[in-house]
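Worksheet for the structure shown next.
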Amino acid sequence: MDPYLRLNIISLSELRSDTCCILHAAKECTHEDPVLALLPGLYSPPHEADDGQHLATESIGTPPRSLQAARGRKKRTYSPQTQKRLTKLQVKVKMYRRALNKHKARDGHTGITRQDALHVMKRFIPAQLHMLLSAQLELLGIRKQGRRWSEDMKKFSINLYFHGPKAYGFIAYLMKMPSVRSIRRWLSAIPMKPGIIPNSMETVRRATENWNREDRACCLLYGNS
Numbered sequence: 040m041d042p043y044l045r046l047n048i049i050s051l052s053e054l055r056s057d058t059c060c061i062l063h064a065a066k067e068c069t070h071e072d073p074v075l076a077l078l079p080g081l082y083s084p085p086h087e088a089d090d091g092q093h094l095a096t097e098s099i100g101t102p103p104r105s106l107q108a109a110r111g112r113k114k115r116t117y118s119p120q121t122q123k124r125l126t127k128l129q130v131k132v133k134m135y136r137r138a139l140n141k142h143k144a145r146d147g148h149t150g151i152t153r154q155d156a157l158h159v160m161k162r163f164i165p166a167q168l169h170m171l172l173s174a175q176l177e178l179l180g181i182r183k184q185g186r187r188w189s190e191d192m193k194k195f196s197i198n199l200y201f202h203g204p205k206a207y208g209f210i211a212y213l214m215k216m217p218s219v220r221s222i223r224r225w226l227s228a229i230p231m232k233p234g235i236i237p238n239s240m241e242t243v244r245r246a247t248e249n250w251n252r253e254d255r256a257c258c259l260l261y262g263n264s
């Protein structure tokens, strides 16, 4: 036999023997496939959890631990005082957002606002009707308990009620008007004393200032008719 070939056969036999010894030793240490134990990065020995159970080994397609931690990140915790303040601020934000949405819905997101429409109509309708329409538009979406009435609206409601309670009830059924109870409360706040009402003579003077002297000669009677 060729000496060179014989030397190669002996080298292969020794290499095979050494490989078998290495594989056998790796199998005894890891109790797993010795080929995987010799390939770094493809196999990691199992770690024991706190409860004594073995965790599953990570495969090649498993995301890094840092990415898993980012996905399962816990919510930040606050102290009770900070959490209470944060809750109050969140409630205020919701309230302001609700009011803003209601205001946007009331305007209708059109090119002309309600104030612009009232300004245009003011030239074509009487002042009393314009005041009444303005009050109706301002009260849209407001509950009865939250309505506020202007001085002009109070005077208009009182005069209309004295002209006829039934007529006032019909108008109040169709439009938003002060209740009869509110009208009576406003009247009770007016000071009533015996004698002439302080502003009555001034009202008569302004109403008759353009009359002739003969027409202004009259006799004023106060009391029950």
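So for the sequence shown, my numbering puts the first residue at 40; every next one is plus one.
Every residue, glycine too, gets a C-beta built ideally from N, C-alpha and C.
Quick caveat: nothing in here was measured; it's all calculated off a predicted structure.
Nearest neighbour of residue i, chosen from the options [CA to CA]
{"i": "valine 219", "options": "Phe209, Pro230, Tyr200 and Ile236", "result": "Tyr200"}
{"i": "glutamine 184", "options": "Leu157, Glu190 and Pro217", "result": "Pro217"}
Helix, strand or coil at residue i [DSSP, three-state]
{"i": "asparagine 140", "result": "helix"}
{"i": "tryptophan 250", "result": "coil"}
{"i": "arginine 245", "result": "helix"}
{"i": "methionine 216", "result": "coil"}
{"i": "isoleucine 236", "result": "coil"}
{"i": "threonine 225", "result": "The amino acid occupying residue 225 in the given sequence is tryptophan; threonine does not appear at that position. The answer is helix: DSSP assigns tryptophan 225 an H, G or I state."}
{"i": "serine 118", "result": "coil"}
{"i": "isoleucine 151", "result": "coil"}
{"i": "alanine 206", "result": "helix"}
{"i": "alanine 256", "result": "coil"}
{"i": "arginine 179", "result": "Note that residue 179 is leucine in the sequence shown, not arginine. In this structure, leucine 179 counts as coil in the three-state DSSP scheme."}
{"i": "methionine 231", "result": "coil"}
Span separating the alpha-carbon of residue i from that of residue j
{"i": "asparagine 238", "j": "arginine 244", "result": "10 Å"}
{"i": "lysine 205", "j": "leucine 125", "result": "54 Å"}
{"i": "arginine 145", "j": "proline 233", "result": "49 Å"}
{"i": "lysine 193", "j": "arginine 186", "result": "12 Å"}
{"i": "glutamine 129", "j": "glycine 203", "result": "50 Å"}
{"i": "asparagine 140", "j": "arginine 162", "result": "31 Å"}
{"i": "asparagine 251", "j": "isoleucine 164", "result": "32 Å"}
{"i": "glycine 91", "j": "tyrosine 135", "result": "In this prediction, glycine 91 has a pLDDT of 44, which is less than 50 and means its spatial position is unreliable; what the coordinates show is noted afterwards. Distance between the alpha carbons of glycine 91 and tyrosine 135 is about 54 Å."}
{"i": "threonine 116", "j": "glutamine 122", "result": "8 Å"}
{"i": "threonine 213", "j": "leucine 226", "result": "Looking at the sequence shown, residue 213 is not threonine but leucine. Approximately 24 Å between the Cα atoms of the pair."}
{"i": "alanine 138", "j": "glycine 180", "result": "11 Å"}
{"i": "phenylalanine 209", "j": "methionine 231", "result": "29 Å"}
{"i": "lysine 131", "j": "proline 119", "result": "19 Å"}
{"i": "lysine 114", "j": "arginine 182", "result": "40 Å"}
{"i": "lysine 127", "j": "tyrosine 207", "result": "45 Å"}
{"i": "arginine 224", "j": "isoleucine 151", "result": "38 Å"}
{"i": "glutamate 241", "j": "glutamate 190", "result": "20 Å"}
{"i": "asparagine 249", "j": "cysteine 257", "result": "15 Å"}
{"i": "aspartate 155", "j": "tryptophan 188", "result": "21 Å"}
{"i": "isoleucine 229", "j": "glutamate 253", "result": "35 Å"}
Cβ pair residue i, residue j closer than 8 Å
{"i": "isoleucine 19", "j": "isoleucine 197", "result": "Residue 19 cannot be examined here, being either before or after the span of the chain that is shown, 40 to 264."}
{"i": "lysine 215", "j": "leucine 178", "result": "yes"}
{"i": "leucine 171", "j": "methionine 160", "result": "no"}
{"i": "histidine 169", "j": "leucine 157", "result": "yes"}
{"i": "glutamine 175", "j": "phenylalanine 195", "result": "no"}
Chain-order list of residues whose beta-carbon lies under 6 Å from that of residue i (same chain, five-residue window excluded)
{"i": "isoleucine 99", "result": "With a pLDDT of only 46 at isoleucine 99, under the threshold of 50, the placement of this residue in the model should not be trusted, and no figure is reported."}
{"i": "threonine 247", "result": "Arg255"}
{"i": "arginine 153", "result": "Leu176"}
Close Cβ partners of residue i (< 7 Å) along its chain, the five nearest in sequence each way excluded
{"i": "leucine 46", "result": "Confidence at leucine 46 is low in this model, with a pLDDT of 44, below 50, so its placement is unreliable and the value that follows should be read with caution. Within the same chain, leucine 46 has no close Cβ partners at all."}
Residues of its chain near residue i, where Cβ-Cβ distance is below 8 Å and the 5 sequence neighbours each way are ignored
{"i": "leucine 259", "result": "Val243"}
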